[in-house]
């Protein structure tokens, strides 16, 4: 909302302060600056506030605002006096104001850095988290205007407001003066304030999704008068699924005397219903959607599923129509799935919602599925149905103009009905937030992602996302750092999802292979090796093997402590007449289920070739077996590997409490070969987060055996198993987070670096930034303990000789021209020049071959100890944030894309993984008999670069090339650094929904 011309002209209206937020109950509201045009809204708002709330605000009875009050509260300079309002439906529901004050508490201007703050929330909206959201935004505004502290006077009886300040997480002081509580808040964000903010964000966004997935009533707007059409199809699907709430059909074209359609009440508008409607499914032409949205907003609908097409996927006009749709819905406090959506499904027996175009509600299961494409959603539903898999929830978000995959990650984190999250994404609207949320949920539940549009370099139609410069390989590496299982195809996503949903996580990569086909066993063995697993020699049961033979072999493999997972291969039996028989797949499935039920909890997969009924029978989970339950942790203490209060997570093989137990560790419910009588449950001592607790040999509880996933090819089964192995390893490591070594603090001078950066950028920095000269880069890097070997210019042979004399022989002569930098293959580098004659000869060859000295810009540098040439880089991507990269120097690594990446800030574990995750890593560890290099020094360098970029966002890129890593120590021979005004960090600001 722009101010009128009479608004203070010397301070422009700060439209970047406008924000949509999700409140505690899942509804939305808009926060914006108050302008002179808001006088009537302010008066109307104040009239709806109770006398008690007015008393708490003004410390005295204050029934109405005077004209002077209204003028004061609507006229701001947006610097020393700022007012923000929260609006729903265009009307105020809350306000906050700050006034800058001096040490005596009187009105002041900068450089005074304290302000008095006061809130007022309409009684009907108290308890929705409105004041907490306002505090986050007014604090961010104050920091922007140079205010560092808030002061507030609160009556002791105003417990709600005191709690808002107390729970914000800011450093604060409190005193009791003159009958009121005096609070002072330091506005600098703290770890606690960020944790509070993100916890509130999680609760609000999860609640907003829950309101959509578990409505008490649904209205289908656009249900046709005759069978067929989108709206009528959704209505039919709602009824067919047995939705437990109330259902209504709405169409303005219904005849006045038409009261029902398909057995549900029919109405011409929402207003005729006369009861609250929680969810509206909009299935009308795009031109009529605004009318439908307004009708929903005016009658208290909580959320919308917009199936209508004709939005951003249709070009510029459609994009503007989509922006207006989101703007309109949020103004009423509603969230949107869509537009151009396929719909949503919730299989909870308490809801049974199928508000989608899918004709059949999929079976109930433990998989949550989100897709940005309706066509892919249809394919996934069909594929999961064929393979007997079940879903907890399904969402096809279409253009995902509002609700996105991030919101559903918030919901699935605590959803007790979802064990695995599958996402098909064509774009990442907020990559930093996605990575943060995915890391948290992956610590308790697997997240499997397929990223479409990986190589097109364009955003799918209808998706508004920030521009990212990082390649897809980097995106994949960053996802894996966050624990996300990134796969290439939807088939691989389903394969991995089936295994993760119904089988325990493997304790390691040791795989037993057994079956009735030697050839199929060998194919499986090769596939395991290709995926980095450790397969044991296949056990050939021969083609004469019976289901009982399979059961016995599987039971033995599961009982073997040297086995972490089993792949069963099966082909049709050969009858006495020599013809292949499909056999009874149900009999074999029963045998495999029985063996899996009786053995330790280890993942089992089946590779089969044309055995009728096997896959279907394996998909039925019916077996149970006695399994010792772990003792409960002490009150308030979570199981190891997850934070207190986190949801119960995915099952880990060998442990129900500690995912970090080493392979082969005996745990309750595990049978060990040669120990005890057959079928005996071995009990022992298990480490938990509350300490070691002995489990008494009490009566065991039954363990349900999940579906055993079946695959038509060995490669698919092994690939899914390998993803589970890698994910389980990540889970074990994530249970003990990495850290930044304390020794770095003793050798880092952060204030000196900050002062140098300010001086280099100057008072009016170029928004495009500037590259640093060699000596400037050396000085900045030295503040963080990074020494760059000096170079001296060599404008001619004599200058080169003088430089070498100063540095000491042997030396290197190299060009620094951009087109020749680091290109030894083009002849721009001469090494090991031991004396003056060799140097002069090299200088002549260089200039004769490549050009004049002015073009080449040659320099002289002393030689470094021999080692492996590497490259360390860090750069800030506008979408993903700061990224740290590592690889070997040279054309082969660049050509093959052999570079590893991690998000900044990096921990000691990240640094260690970074240098070990490139394909050429063996070169650093003694490949072909060479001496291993000093990887500890390399890890330290990576941590220093990470700290520099994290501490100073003005450092937008660093490249250290080459970094020669020797057997002892390393040498940085070249460095380039670029500074720029720091980009906006939306992930550190107050909560806000993405802009439309």
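In this note's numbering, the protein residues as written are 335 to 1330. Here a beta-carbon is modelled for each residue, glycine too, at the ideal position from N, C-alpha and C.
Endpoints, the beta strand (DSSP E) within which residue i is located
{"i": "residue 604", "result": "First-last for residue 604: undefined, no H or E at that position."}
{"i": "residue 582", "result": "580-584"}
{"i": "residue 1208", "result": "1202-1211"}
{"i": "residue 700", "result": "698-705"}
{"i": "residue 1192", "result": "1192-1196"}
{"i": "residue 1222", "result": "1215-1222"}
Cα-Cα separation between residue i and residue j, rounded to whole angstroms
{"i": "residue 461", "j": "residue 566", "result": "39 Å"}
{"i": "residue 546", "j": "residue 694", "result": "20 Å"}
{"i": "residue 1015", "j": "residue 634", "result": "For residue 1015, the pLDDT reaches just 30, beneath the cut-off of 50, and the residue's location in the model is therefore unreliable, although a value from the coordinates is still provided. Spanning the two alpha carbons is a distance of roughly 57 Å."}
{"i": "residue 1251", "j": "residue 1276", "result": "14 Å"}
{"i": "residue 586", "j": "residue 459", "result": "33 Å"}
{"i": "residue 1105", "j": "residue 423", "result": "49 Å"}
{"i": "residue 389", "j": "residue 489", "result": "9 Å"}
{"i": "residue 1243", "j": "residue 1075", "result": "10 Å"}
{"i": "residue 1096", "j": "residue 1116", "result": "20 Å"}
{"i": "residue 868", "j": "residue 843", "result": "6 Å"}
{"i": "residue 391", "j": "residue 745", "result": "36 Å"}
{"i": "residue 1174", "j": "residue 1181", "result": "11 Å"}
{"i": "residue 785", "j": "residue 1134", "result": "53 Å"}
{"i": "residue 522", "j": "residue 477", "result": "8 Å"}
{"i": "residue 905", "j": "residue 875", "result": "11 Å"}
{"i": "residue 1312", "j": "residue 418", "result": "38 Å"}
{"i": "residue 993", "j": "residue 626", "result": "Bear in mind that the predicted position of residue 993 carries a pLDDT of just 34, short of 50, making it too unreliable to give a figure here."}
{"i": "residue 357", "j": "residue 943", "result": "53 Å"}
{"i": "residue 374", "j": "residue 684", "result": "45 Å"}
Nearest-angstrom beta carbon gap, residue j and residue i [assumed within contact, 8 Å]
{"i": "residue 1307", "j": "residue 1271", "result": "About 15 Å; that fails the 8 Å criterion."}
{"i": "residue 595", "j": "residue 671", "result": "Incorrect: roughly 24 Å between the Cβ atoms, too far for contact."}
{"i": "residue 621", "j": "residue 675", "result": "Actually they are not in contact, since the Cβ atoms of residue 621 and residue 675 sit about 18 Å apart, beyond 8 Å."}
{"i": "residue 408", "j": "residue 376", "result": "6 Å"}
Helix, strand or coil at residue i according to DSSP, with G and I counted as helix
{"i": "residue 354", "result": "strand"}
{"i": "residue 924", "result": "helix"}
{"i": "residue 894", "result": "coil"}
{"i": "residue 1229", "result": "helix"}
{"i": "residue 841", "result": "coil"}
{"i": "residue 393", "result": "coil"}
{"i": "residue 1314", "result": "coil"}
{"i": "residue 571", "result": "helix"}
{"i": "residue 504", "result": "coil"}
{"i": "residue 492", "result": "coil"}
{"i": "residue 728", "result": "strand"}
{"i": "residue 758", "result": "strand"}
{"i": "residue 468", "result": "helix"}
{"i": "residue 577", "result": "coil"}
{"i": "residue 517", "result": "strand"}
{"i": "residue 740", "result": "helix"}
{"i": "residue 874", "result": "strand"}
{"i": "residue 884", "result": "helix"}
{"i": "residue 1085", "result": "helix"}
Identity of the residues DSSP links to residue i by a beta bridge
{"i": "residue 448", "result": "435, 483"}
{"i": "residue 670", "result": "638"}
{"i": "residue 1163", "result": "1148"}
{"i": "residue 819", "result": "782"}
{"i": "residue 425", "result": "422"}
{"i": "residue 1139", "result": "In DSSP, residue 1139 forms no bridge with anything."}
Where the alpha helix (DSSP H) containing residue i begins and where it ends
{"i": "residue 860", "result": "852-864"}
{"i": "residue 408", "result": "401-408"}
{"i": "residue 814", "result": "806-815"}
{"i": "residue 772", "result": "765-776"}
{"i": "residue 652", "result": "650-665"}
{"i": "residue 378", "result": "373-381"}
{"i": "residue 831", "result": "824-836"}
{"i": "residue 611", "result": "Careful: residue 611 lies outside any alpha helix (DSSP H) and carries neither H nor E."}
{"i": "residue 715", "result": "708-720"}
{"i": "residue 1295", "result": "Residue 1295 -> not in any alpha helix (DSSP H); beta strand (DSSP E) instead, spanning 1289-1299."}
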